[in-house]
Amino acid sequence: MNKSEVEFCDFSWNPVTGCENNCEYCFARKQAQRFCGDIRLNKASEQLKHAGKGLWILEEPFKNNQGKVIPLPVGFEPTLHRYRLPMPAQKKKPANISVCSMADLFGEWVPDEWIKEVLAACAAAPWHNYMFLTKNPERYPRTAEAYGNLENVWLGTSITEPEDMDKIMQLPEGFHRFLCFEPLLGGMDTNRLHGLLGPVDWVIIGAETGQRKAKAILDRKWIEEIVSACRRNNIPVHLKASSEMTAVWGKDLIQERPEQLKHEEAIIPHCKECEQSRMTPQGKRGNRYDCNKTNRHIAGRYSRTSPPWCPLRG
């Protein structure tokens with residue numbers, strides 16, 4: 029699980045990677061090409077389990093002949109990285125987690141069992157907020173019973189053109205719902221959009237980034253129309269930071285988020301003040317501190333700060 033560069037996410041978590049949508053503007057596919065190594069050679073390895081047409085499973089991180097870990101050994105072919113499933117539970121501090129940003133978890137090619145395994149891993153760490161995004165929101169309800177605590181699940185859909193607006197009606201009730209207009213490729217039917225935004229909790233707008241030859245050029249009017257519709261519906265708006273967005277909107281970007289996705293940085297108590305700390309006087313040598321929670325000795329230099337292994341750090 030990696031630290032996220034997106035402003036509203038703390039981590040990106042990719043237990044499933046790969047996608048069959050073939051979007052020409054997809055950044056994830058380009059990333060996969062950089063971190064795949066020799067795909068033909070990788071597929072011959074016993075580390076990869078074939079799970080059907082174009083589907084793969086990895087039980088452990090894939091390593092090449094030199095022992096180097098290859099994050100995406102089959103490129104952008106759909107892969108379940110089962111060893112990544114426990115990662116959210118290992119983070120003890122509440123966080124906003126973007127789930128499968130290197131895939132479309134709800135694409136029709138993804139087996140139901142993969143989705144259920146991912147959702148079970150989310151349910152095992154209910155202190156986080158989980159953000160899902162798909163081009164196929166009609167599949168959300170089919171696995172609704174596996175989502176667990178609904179308060180920490182955010183279901184979103186991608187909208188890039190006016191033809192995509194029907195997807196808004198496919199977002200299931202009973203969940204936090206959001207829209208991601210990224211990359212925004214054209215203007216929207218604002219009257220229709222206004223009528224569809226009622227059940228939506230949040231809207232994100234982003235520009236196409238990168239150096240694609242036919243890259244879409246963002247128009248400020250497209251953004252203003254969406255922002256206006258959101259204002260009429262009292263929906264928070266977030267403009268994703270990028271040089272392309274700043275060039276059109278300016279540096280003063282609207283960056284709002286729902287209350288549920290705001291969290292203050294937790295203050296980690298000093299070991300001397302922590303209820304888990306146990307102090308033992310040692311005469312002239314001073315005091316010895318041990319952690320009851322982990323049964324570990326707290327070295328002197330950490331007694332006033334909190335050691336890196338402290339479980340409260342997350």
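Just so it is clear: in the sequence shown, position 231 is 259 by the working numbering, and no numbers are missing.
A virtual CB, placed ideally from N, CA and C, is assigned to each residue, including glycine.
query = Taking the beta strand (DSSP E) that residue 305 falls in, what are its first and last residues?
reply = 305-309
request  = Could you tell me whether the Cβ atoms of residue 174 and residue 148 are closer together than 8 angstroms?
outcome  = Judged by beta-carbon spacing, residue 148 lies within the 8 angstroms limit of residue 174, meaning their Cβ atoms are closer than that value.
ask   = Where does the unbroken beta strand (DSSP E) through residue 205 begin, and where does it stop?
value = Element bounds for residue 205: 204-209.
inquiry  = Taking DSSP's pairing of strands, which residues face residue 232 in a bridge?
reply    = 208, 266
request  = Determine the DSSP secondary structure at residue 68, reduced to helix, strand or coil.
outcome  = helix
request  = Could you give the DSSP three-state label for residue 317: helix, strand or coil?
outcome  = strand
query = What is the rounded straight-line gap between the Cα of residue 236 and the Cα of residue 188?
reply = Taken atom to atom, the span from the alpha-carbon of residue 236 to that of residue 188 is near 10 angstroms.
request  = Could you tell me if the beta carbon of residue 310 falls within a distance shorter than 7 angstroms of some heavy atom in the ligand ADP?
outcome  = In the structure shown, the ligand ADP is absent, as is every other ligand, since no ligand is present at all.
ask   = Going straight from the alpha carbon of residue 326 to that of residue 114, what length do you get?
value = 27 angstroms
ask   = Where does residue 104 fall in DSSP's three states?
value = Coil at residue 104, not helix or strand.
Length of the line joining the Cα atoms of residue 178 and residue 172 = 10 angstroms
ask   = How many whole angstroms separate the CB atoms of residue 205 and residue 199, which I take to be in contact at a CB cut-off of 8 angstroms?
value = 4 angstroms
request  = Give the DSSP-derived three-state secondary structure of residue 334 in the structure shown.
outcome  = coil
request  = Take the Cβ of residue 334 as the centre, count every other Cβ of all protein chains shown within 10 Å, and call the residue buried at 16 or more, exposed below.
outcome  = Buried: at least 16 other Cβ atoms inside 10 Å.
message = Taking DSSP's pairing of strands, which residues face residue 423 in a bridge?
response = Residue 423 is absent from the structure shown; the chain starts at 29 and stops at 342.
query = Is residue 84 helix, strand or coil when you go by DSSP?
reply = strand
query = Could you give the residue range of the beta strand (DSSP E) that holds residue 184?
reply = Counting along the chain, the beta strand (DSSP E) containing residue 184 begins and ends at 181-186.
task = Find out if the Cβ-Cβ distance for the pair residue 132, residue 42 is shorter than 8 angstroms.
result = no
ask   = Span of the beta strand (DSSP E) holding residue 225?
value = Taken as a continuous stretch (DSSP letters only), residue 225 belongs to no beta strand (DSSP E), as it is neither H nor E.
query = Quick check: the region 61-75 against the region 101-109, are there 3 or more CB pairs under 8 angstroms?
reply = yes
ask   = What's the C-alpha gap between residue 164 and residue 323?
value = 48 angstroms
request  = Label residue 314 either buried or exposed according to how many other C-beta atoms from any shown protein chain fall within 10 Å of its C-beta, with 16 as the threshold for buried.
outcome  = exposed
task = Measure the Cβ-Cβ separation of residue 123 and residue 156 and say whether it is below 8 angstroms.
result = yes
inquiry  = Nearest by alpha-carbon distance to residue 301: which of 176, 289, 83, 317 is it?
reply    = The shortest C-alpha separation from residue 301 is found at 317.
task = Go ahead and pull the three-state DSSP assignment for residue 288.
result = helix
message = Please classify residue 227 as buried or exposed, where buried requires at least 16 other C-beta atoms within 10 Å of its C-beta.
response = exposed
task = Note down, one range per segment and in chain order, each alpha helix (DSSP H) of at least 4 residues found wholly within the region 125-203.
result = Correct list: 140-151.
key: Residue interval of the alpha helix (DSSP H) (run including residue 271)   = 271-277
ask   = Within 10 angstroms of its Cβ, does residue 74 collect 16 or more other Cβ (buried), or is it exposed?
value = exposed
ask   = Which residue comes first and which comes last in the beta strand (DSSP E) that contains residue 77?
value = 76-78
inquiry  = Measuring straight from C-alpha to C-alpha, what distance separates residue 224 and residue 65?
reply    = 44 angstroms
ask   = Tell me which same chain residues have a C-beta within less than 7 angstroms of the C-beta of residue 260, skipping the five on either side of it?
value = 222
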